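K.L.:
Letter by letter, the sequence shown follows residues 1 to 595 in full-length UniProt numbering.
Got a structure for you, written out below as C-alpha cells; questions coming shortly.
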Amino acid sequence: MDKIRNFCIIAHIDHGKSTLADRLLEYTKTVEGKDLQAQVLDNMDLERERGITIKSHAIQMEYVYKGEKYILNLIDTPGHVDFSYEVSRSIAACEGALLIVDAAQGIQAQTISNLYMAIEHDLEIIPILNKIDLPSAMPDEVEDQIIELLGVKKEDIIRASGKTGEGVYTILDSIIERIPEPQGDPEAPLQALIFDSVFNSFRGIIAYYKVVNGTIKKGDLVKFFATGKEYEADEVGVLKLDMSPRNEVRCGDVGYIISGIKTSKEVKVGDTITHVKGACDKAIDGFEEVKPMVFAGVYPIDSEDFEDLRSSLEKLQLNDASLTFQPESSVALGFGFRCGFLGLLHMEIIQERLDREFNMDVITTVPNVSYIVHDKKGNTKEVHNPAGLPDPTLIDYIEEPYIRASVITNTTYIGAIMTLCLGKRGILIKQEYISGDRVEIIYDIPLGEIVIDFYDKLKSISKGYASFDYHMHDYRESKLVKLDILLNGESVDALSTLTHVDNAVNFGRRMCEKLRELIPRQQFDIAIQAAIGAKIIARETIKAVRKDVTAKCYGGDISRKRKLLEKQKEGKKRMKQVGNVEVPQKAFLAVLKLD
Numbered sequence: 001m002d003k004i005r006n007f008c009i010i011a012h013i014d015h016g017k018s019t020l021a022d023r024l025l026e027y028t029k030t031v032e033g034k035d036l037q038a039q040v041l042d043n044m045d046l047e048r049e050r051g052i053t054i055k056s057h058a059i060q061m062e063y064v065y066k067g068e069k070y071i072l073n074l075i076d077t078p079g080h081v082d083f084s085y086e087v088s089r090s091i092a093a094c095e096g097a098l099l100i101v102d103a104a105q106g107i108q109a110q111t112i113s114n115l116y117m118a119i120e121h122d123l124e125i126i127p128i129l130n131k132i133d134l135p136s137a138m139p140d141e142v143e144d145q146i147i148e149l150l151g152v153k154k155e156d157i158i159r160a161s162g163k164t165g166e167g168v169y170t171i172l173d174s175i176i177e178r179i180p181e182p183q184g185d186p187e188a189p190l191q192a193l194i195f196d197s198v199f200n201s202f203r204g205i206i207a208y209y210k211v212v213n214g215t216i217k218k219g220d221l222v223k224f225f226a227t228g229k230e231y232e233a234d235e236v237g238v239l240k241l242d243m244s245p246r247n248e249v250r251c252g253d254v255g256y257i258i259s260g261i262k263t264s265k266e267v268k269v270g271d272t273i274t275h276v277k278g279a280c281d282k283a284i285d286g287f288e289e290v291k292p293m294v295f296a297g298v299y300p301i302d303s304e305d306f307e308d309l310r311s312s313l314e315k316l317q318l319n320d321a322s323l324t325f326q327p328e329s330s331v332a333l334g335f336g337f338r339c340g341f342l343g344l345l346h347m348e349i350i351q352e353r354l355d356r357e358f359n360m361d362v363i364t365t366v367p368n369v370s371y372i373v374h375d376k377k378g379n380t381k382e383v384h385n386p387a388g389l390p391d392p393t394l395i396d397y398i399e400e401p402y403i404r405a406s407v408i409t410n411t412t413y414i415g416a417i418m419t420l421c422l423g424k425r426g427i428l429i430k431q432e433y434i435s436g437d438r439v440e441i442i443y444d445i446p447l448g449e450i451v452i453d454f455y456d457k458l459k460s461i462s463k464g465y466a467s468f469d470y471h472m473h474d475y476r477e478s479k480l481v482k483l484d485i486l487l488n489g490e491s492v493d494a495l496s497t498l499t500h501v502d503n504a505v506n507f508g509r510r511m512c513e514k515l516r517e518l519i520p521r522q523q524f525d526i527a528i529q530a531a532i533g534a535k536i537i538a539r540e541t542i543k544a545v546r547k548d549v550t551a552k553c554y555g556g557d558i559s560r561k562r563k564l565l566e567k568q569k570e571g572k573k574r575m576k577q578v579g580n581v582e583v584p585q586k587a588f589l590a591v592l593k594l595d
C-alpha cells in the first residue's frame, strides 16, 4: 500500500486541468501513440465540443521514482459550479488534491469552494500555477494570492504548463513525496466505497469504487450495503484507459466491478460493497444526499415514449447521481417527469445527453425552484411546480429559497455587477478586497432570480472576468404570485410560473408578446392573456385568417355585403367555441430566453 497514491485535480472552469491530466498520462507513458489526443479523459462527444468536463474520470498510472514503481490513481473532475457534486465524490475517494490556478486569471470563486471541500476531507493540497507560458501570465501576483489563501511557502507552489509540459515531472515527484499513502487494513472485512457507476448495454451496470479495507477477488460473493442485494463478482479490475481485468483489487486501490446487475435502482453512489461471508459491521460514510436547485418538467414529445423516457432517465441517473426525477402529468403536455437539476447548464447537458445517448426527443418546461407554502391552518408544504400551488385564498405566506452568492471580479466591473444583483432583488452582505484590484462581493439573492440568465449576464457585463459561486442559505418570506397564461380563456399549465409581485406585470406582458409571434394564426381570433388569479394584467390578440367573402359582390346595396360578413362572423364565433390552440415546442423554449 505504501506504493499507491490516490489524488484528484480541482480547479475553476477553464484553468487547464484536462490538459495537465493529458501531460501526466503522456509522461507516465499510460497513453501513447494514436490514443494521445487533447482531453484524453473527456470521452463524451459533448465534453469535447464544449471544451468542458462533465464527468469525473478515474485512470491508473505507473511511475518509477528513485528506482521504485509507484501506482498513481488520478481522478479528473469538472470545474463548473453545476457539477460540484461530481467533485465531492472524487474528493471522498482520494488522499490528496492538485489545486490548479491559471497564472493569467488568478484565483476564482469555484477554486475557493472546491478547495474548502478538499480541506474538509483532510486532503493534502499541492498548489500548481498552470499556463505559465502565456504572455499574459502574472506568476508572482497569482503566487501571492495562493500564499494568502492557503498559507503555504513560496517554494511549495509548482510552476507548470500543460501545453509545453514544463514542471510535469516536478508534479509527479511531489505527488509521491507529499501525498500520504492510503490508510486501511488489508486483513479487515471488505469495505469498498462506490463513487461512480455507468450502464453498459452488454454487461449491465459497472460500479467504480475505492477499496478502503480488505481485498476484493474475482468470483467473490459480494453484497451492496444499502440494498442488501448479493452478487458474484464476474470481473474485477483497475481503470487504465480502458478497463483492465485483475484477479484481485487490493486495499487502497481504485477499481471496477462487473456482476451482471440489470436494474439501476440496485446501485447507489455512496454505497458500500462488502463480502457476504464475514461482512463489515457498518457502511462507510458516503456523501450527503445532493439537493437539486432547479426543477423543470421533462415530457416526451410522443406520449407513447413515456416508459422509454423513464428507463433513459434511470440509466442517466446511474452516471449522474445528482439528477432526481418523479412522475407528473400536465394537461397541455400529458405524462412526464418533474426533474431536479443542480443548475441550468446541468439541465441543458441532461437534455443533450437524452437526445444523443438514448434518442429521446423531449420538451422541457420553464425551470423553477422549490418554494415553501404556509397555509392559514398552520400547515407547510413544499411546492416544486406552480400547478401544485394551493388556492390563493388559503395561502398565508410563501417562503422562497435564498442563496449566498460570492462574485470575485476586477474592480473595473463593480458598478455593473452591483446593478445586476440589485435588479435581481439581491441584498449586499459585504465586499472585500482580496488583493490589488480584485474584489469579492457577497450577496444574498433569491434562487428563483438567478436560475434563468444570471450567469450569462454576469459573464457578459464583466467580459468573462467575474467568477461566481453559490450555496443554499435559507428560506425567506416573499410576496410571490402565480402568473397564468390563458389561451382562449383556457390556462396552459406548462407555461405558468411563480414570480415576484414587482416583476409580474412586466413578465406577463413580455410573455404575451412573445407568444403572439410564435403561435400560428388559426381560423378564429385567439386571445393570449396573462392573469394573476382572476385579474388579467396583459393581453395580445392573434387575428384570424379570413377568406374574402365579399369578393363576389360588385356594386349594389351595402346590406348584401354586411349579410355575408355577419354570416362569416357567426361561423368564426362557433369555431372559436370548439377550436383548440396547439402550443408549438418553440414557445416553451422561448420563455427561457425572454430578455
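For every residue, glycine included, the Cβ atom is placed at its ideal position computed from N, Cα and C.
In this text, all values refer to a predicted model and were calculated from it rather than measured experimentally.
Can you grab the Cα-Cα spacing for the pair Val545 / Met575, in whole Å?
P.N.:
If you take the alpha carbons of Val545 and Met575, they lie about 12 Å apart.
K.L.:
Ignoring anything shorter than 3 residues, give me the beta strand (DSSP E) runs that lie fully in the stretch 453–491, in order along the chain.
P.N.:
Counting whole runs of 3 or more residues, the stretch 453–491 contains the beta strand (DSSP E) stretches 467–478, 480–487.
K.L.:
Do Ala233 and Lys268 have their C-beta atoms within less than 8 Å of each other?
P.N.:
Result no, Cβ atoms of Ala233 and Lys268 do not sit closer than 8 Å.
K.L.:
Any chance you could list the alpha helix (DSSP H) runs of at least 4 consecutive residues sitting entirely within the stretch 156–232, in chain order?
P.N.:
168–178, all fully within the stretch 156–232.
K.L.:
Are at least three pairs of beta-carbons, each pair with one atom in the stretch 456–465 and one in the stretch 494–502, less than 8 Å apart?
P.N.:
The stretch 456–465 is not in contact with the stretch 494–502.
K.L.:
Determine, using beta carbons only, whether Ala58 and Leu344 come nearer to each other than 8 Å.
P.N.:
No, these two residues do not count as a Cβ contact at 8 Å.
K.L.:
Please classify Glu155 as buried or exposed, where buried requires at least 16 other C-beta atoms within 10 Å of its C-beta.
P.N.:
Its Cβ having fewer than 16 others within 10 Å, Glu155 is exposed.
K.L.:
DSSP beta-bridge partners for Gly340?
P.N.:
The partner list for Gly340 (beta bridge, DSSP) reads Phe295, Thr324.
K.L.:
Express the C-alpha separation of Asn213 and Gly278 in angstroms, rounding to a whole number.
P.N.:
Between Gly278 and Asn213, the C-alpha separation is close to 13 Å.
K.L.:
Check the Cβ-Cβ distances between Met575 and every residue of chain C, and say whether any is below 8 Å.
P.N.:
Protein chains in the displayed structure number just one, and chain C is not present.
K.L.:
To the nearest angstrom, how far is it from the Cα of Asp122 to the Cα of Ser113?
P.N.:
Going by the C-alpha atoms only, they are around 15 Å apart.
K.L.:
Between Val211 and Ala192, what straight-line distance do the alpha-carbon atoms span, to the nearest angstrom?
P.N.:
So the two alpha carbons sit approximately 4 Å from each other.
K.L.:
Per DSSP, what kind of secondary structure is Asp548 in: helix, strand or coil?
P.N.:
Reduced to three states, the DSSP call for Asp548 is coil.
K.L.:
By how many angstroms is the C-alpha of Cys512 removed from the C-alpha of Val581?
P.N.:
If I take the Cα positions, the gap works out to 15 Å.
K.L.:
Are the beta-carbon atoms of Leu333 and Ile372 separated by less than 8 Å?
P.N.:
In this structure, Ile372 does not lie closer than 8 Å to Leu333 by Cβ.
K.L.:
Helix, strand or coil: how does DSSP classify Val134 here?
P.N.:
It should be noted that the sequence gives Leu, not Val, for residue 134. In this structure, Leu134 counts as coil in the three-state DSSP scheme.
K.L.:
Roughly how many whole angstroms lie between the Cα atoms of Arg510 and Phe358?
P.N.:
If you take the alpha carbons of Arg510 and Phe358, they lie about 35 Å apart.
K.L.:
Can you give the beta carbon distance from Ile417 to Ile441, rounded, assuming they're within the 8 Å contact cut?
P.N.:
The pair is a contact, with the Cβ atoms about 7 Å apart (cut-off 8 Å).
K.L.:
Candidates Ala387, Glu348, Lys291: which alpha carbon is nearest Ser322's?
P.N.:
Nearest of Ala387, Glu348, Lys291 to Ser322, Cα basis: Lys291.
K.L.:
Can the beta-carbon of Ala103 be found closer than 8 Å to that of Ile125?
P.N.:
It is not a contact, given that the beta carbons lie outside the stated cut-off.
K.L.:
How far does the alpha helix (DSSP H) with Ala21 in it extend, from its first residue to its last?
P.N.:
That run of the alpha helix (DSSP H) goes 17–27.
K.L.:
Secondary structure at Ser244, three-state DSSP: helix, strand or coil?
P.N.:
The answer is strand: DSSP assigns Ser244 an E or B state.
K.L.:
Is Arg560 helix, strand or coil when you go by DSSP?
P.N.:
Helix.
K.L.:
In the DSSP assignment, find the unbroken alpha helix (DSSP H) run with Cys512 in it and report its ends.
P.N.:
First-last of the alpha helix (DSSP H) with Cys512: 501–518.
K.L.:
Taking 8 Å as the cut-off, decide whether the C-beta atoms of Asp173 and Tyr65 are in contact.
P.N.:
Yes. Within cutoff.
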